[in-house]
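For reference, the structure discussed in these notes is given below.
Number of protein chains: 2
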Amino acid sequence: MSNIKKIDGTYDSAAEPQVRRETSKDRRNRIYKTIRERISLLIYPPNSVIGETELAGEFNVSRTPIRSVLQRLHFEGLVQIRTGVGTVVTDVDLKTMKEVYDLRMSLTELSAELSPIEITEEHILAMESMLERAKNLHGRRDSMGYALLCNDLHEVLMSLIGSKPLQEISDNLYYRSARIWLTMLPNLDWDQIVTDQELETSEMLAAMRRNDLRGMVQVRRFYLHCVLTRISDYLQGNNSLSSRDSLKMSERRMQRGRD
Amino acid sequence: MSNIKKIDGTYDSAAEPQVRRETSKDRRNRIYKTIRERISLLIYPPNSVIGETELAGEFNVSRTPIRSVLQRLHFEGLVQIRTGVGTVVTDVDLKTMKEVYDLRMSLTELSAELSPIEITEEHILAMESMLERAKNLHGRRDSMGYALLCNDLHEVLMSLIGSKPLQEISDNLYYRSARIWLTMLPNLDWDQIVTDQELETSEMLAAMRRNDLRGMVQVRRFYLHCVLTRISDYLQGNNSLSSRDSLKMSERRMQRGRD
DNA sequence: CTATTTTAAGTTGTATACAAATGGTACTTT
DNA sequence: AAAGTACCATTTGTATACAACTTAAAATAG
Numbered sequence: 004m005s006n007i008k009k010i011d012g013t014y015d016s017a018a019e020p021q022v023r024r025e026t027s028k029d030r031r032n033r034i035y036k037t038i039r040e041r042i043s044l045l046i047y048p049p050n051s052v053i054g055e056t057e058l059a060g061e062f063n064v065s066r067t068p069i070r071s072v073l074q075r076l077h078f079e080g081l082v083q084i085r086t087g088v089g090t091v092v093t094d095v096d097l098k099t100m101k102e103v104y105d106l107r108m109s110l111t112e113l114s115a116e117l118s119p120i121e122i123t124e125e126h127i128l129a130m131e132s133m134l135e136r137a138k139n140l141h142g143r144r145d146s147m148g149y150a151l152l153c154n155d156l157h158e159v160l161m162s163l164i165g166s167k168p169l170q171e172i173s174d175n176l177y178y179r180s181a182r183i184w185l186t187m188l189p190n191l192d193w194d195q196i197v198t199d200q201e202l203e204t205s206e207m208l209a210a211m212r213r214n215d216l217r218g219m220v221q222v223r224r225f226y227l228h229c230v231l232t233r234i235s236d237y238l239q240g241n242n243s244l245s246s247r248d249s250l251k252m253s254e255r256r257m258q259r260g261r262d
Numbered sequence: 004m005s006n007i008k009k010i011d012g013t014y015d016s017a018a019e020p021q022v023r024r025e026t027s028k029d030r031r032n033r034i035y036k037t038i039r040e041r042i043s044l045l046i047y048p049p050n051s052v053i054g055e056t057e058l059a060g061e062f063n064v065s066r067t068p069i070r071s072v073l074q075r076l077h078f079e080g081l082v083q084i085r086t087g088v089g090t091v092v093t094d095v096d097l098k099t100m101k102e103v104y105d106l107r108m109s110l111t112e113l114s115a116e117l118s119p120i121e122i123t124e125e126h127i128l129a130m131e132s133m134l135e136r137a138k139n140l141h142g143r144r145d146s147m148g149y150a151l152l153c154n155d156l157h158e159v160l161m162s163l164i165g166s167k168p169l170q171e172i173s174d175n176l177y178y179r180s181a182r183i184w185l186t187m188l189p190n191l192d193w194d195q196i197v198t199d200q201e202l203e204t205s206e207m208l209a210a211m212r213r214n215d216l217r218g219m220v221q222v223r224r225f226y227l228h229c230v231l232t233r234i235s236d237y238l239q240g241n242n243s244l245s246s247r248d249s250l251k252m253s254e255r256r257m258q259r260g261r262d
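Protein chains in written order, with the working numbering: chain A, 4 to 262; chain B, 4 to 262.
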């Protein structure tokens, strides 16, 4: 009578010690993260339709759990579900994008104030890995690698937010706006973008090493401001900023005058 | 061949000019708001189970759209869906509650900075109505009336937030935390609570009349701080603050020392 | 009588058939 | 030829039957 399922869901047999079968909730969460990543990496670009039946076939489930995931993505502003048409990946206009970025900048500063988290050696190691990856991006224009780096960097920064509600909101806002930056990447100077990323990561690392959480979020805030400015300038046909050399943190006061 | 549905969904007949049949999305939204209000008014108190079949029967739909609504409420943190058990209205622990209130306080200040909105005569009229309702709450301990007033006041303040993302977040956080305040209302001094509400509304109205949005959010922030302090003190058995007289805005510096 | 197992009732999760809506295409009419 | 109309393929929305899960009570073994 061994090897029989017990009340708590574990098994007696030592052959499969703690491998619990994937629960329904876990599966939906896995599908959710998969689709969200595809949206963030532009595998599903803005305005593309993704279709419930297609996804149901790919993940070997019915439309029901797929619908659940897509509705979640809808509530989070990543897709738009149109009856009779399909599920369309949202495209963001400049005004909304500016609102999201302004909010992210403010929330980034907040995250250092509301229940801050201690910076550990693991965080620093993770960030060093990010710096290495940034350095390796020079030259080849690997948009996917850049996007993956941005996502992973975001994940590390999220783990430094102590307030859970703020963490969820920051995560939401990131995925809501990040892919728009990627869409206009092909039109910008690749080496400059990568250099920016490298500098930011490097300066963030320096702040982490002196246990300066407030300094970290300042670096992040400046990075967000820089991206927003580049986007605005590019969309308005004014490439003056994007043609400048990469900006170092020490010059940030020149760029940060409010409005 | 008149009175036939046209491509754009309108009708030729003048008898029913622009009364479009309620669309699926509209119906789900209506059910969503209904259930959310019930949760906020403690008609569905924390830890109560609400059940999909029951709701489906009440709204004369199948479980499918009900599930859609409940999952939305789940993503927003208002309910917890447990397989085989039911949909349980979430209860919030003190730590989470403090995190939410701290965040709301910061976001309230932000809302005056990020794309502020002009205060109109309509806003002032709405707020005057709130003040009247607050005054009428004295004496009778009308918890439902108080809760409705809080919800309506929240709605007015939301309409003064220009940034749409910030507006959605503020709305979410309000409904996530407001009902917890209501649950402990029966144990507090009713007349004092009402007097607080009246004072806050009155001072907010004064700020609105001098077109001082920043002053408004300061009043609101103070109110949130006041509520949070009362909750903390009550839960720790220390009723020293709740036994004080109502606090006027002018005394707020005594209460606002950080931490 | 106690501890364990079985059973049963009730709930959410999934699959599927069908209804409703959209957008394009071919056809008809003027 | 141009405008309108009916049709149709495709997609999301809904209803419903069934599967999986949880809980508690009842039955059973010690």
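Just so you know, even glycine gets a beta-carbon here, dropped at the ideal spot from N, CA and C. Predicted, not measured: the structure shown is a model, and the values here were computed from it.
Are the CB atoms of B/D174 and A/L3 within a distance shorter than 7 Å?
The requested residue 3 of chain A does not occur in the structure, where chain A is confined to residues 4 to 262.
Contiguous alpha helix (DSSP H) assignments of at least 4 residues, all confined to the region 48 to 116 of chain B:
55 to 62, 66 to 78 and 97 to 114
Under 8 Å by beta carbon: chain B residues contacting A/R75:
Q74 and F78
Under the three-state reduction of DSSP, which class applies to A/D15: helix, strand or coil?
Note that A/D15 has pLDDT 38, beneath the 50 cutoff, so the model's placement of it is unreliable and no number is given.
Among B/L188, B/R212, B/L156 and B/D192, whose alpha-carbon lies nearest the alpha-carbon of B/R223?
B/L156
Since B/M130 and B/M187 should fall inside the 8 Å C-beta cutoff, what is the C-beta to C-beta distance between them, to a whole number of angstroms?
Not really, about 26 Å apart at Cβ, beyond 8 Å.
B/K167: contacting residues in chain A (beta-carbon distance under 8 Å):
T99 and E102
Under 6 Å from any heavy atom of the ligand ZN, does the C-beta of A/R212 make it?
With respect to small molecules bound, the structure shown includes none, and the ligand ZN cannot be examined in it.
Below 6 Å CB to CB, which residues in the same chain sit around A/I127 once its five sequence neighbours on both sides are set aside?
M211
Flag B/L134 as yes if its beta-carbon sits less than 7 Å from any beta-carbon of chain A, otherwise no.
no
Contained beta strand (DSSP E) runs [length at least 3] in the region 183 to 248 of chain B, N- to C-terminal order:
none
Let me see if you follow: with CB-CB separation under 7 Å, is A/D105 close to chain B or not?
yes
Residues of chain B with CB closer than 9 Å to the CB of A/L117, please, in chain order.
E102, D105, L106 and S109
Are the region 69 to 83 of chain A and the region 149 to 164 of chain B touching, with three or more C-beta to C-beta distances below 8 Å?
no
Would you mind sorting B/Y47 into buried or exposed? The rule is 16 or more other CB atoms within 10 Å of its CB.
buried
Taking B/P68 and B/I34 to be in contact with their CB atoms under 8 Å, please state how far apart those CB atoms are, rounded to whole angstroms.
7 Å
Cβ of A/I190 within 7 Å of Cβ of A/I122?
Note on residue identity: the sequence assigns Asn, not Ile, to residue 190 of chain A. No, the pair does not count as a contact, with Cβ atoms beyond the cut-off.
Can you have a look at B/D96 and say buried or exposed, based on whether 16 or more other CB atoms are within 10 angstroms of its CB?
exposed
Assuming B/H126 is part of the alpha helix (DSSP H), what are its boundary residues?
E124 to K138
For chain B, find out if any of its Cβ atoms is closer than 7 Å to the Cβ of A/I172; answer yes or no.
yes
Note down the Cα distance separating A/K167 from A/V72, rounded to an integer number of angstroms.
22 Å
Pick helix, strand or coil for A/R23, following the three-state DSSP scheme.
coil
Is there at least one Cβ from chain A nearer than 7 Å to B/L227's Cβ?
no
Assuming A/G89 contacts A/G60 (C-beta within less than 8 Å), just tell me the rounded distance between them.
Between A/G60 and A/G89 the Cβ distance is about 15 Å, and since that is not below 8 Å, they are no contact.
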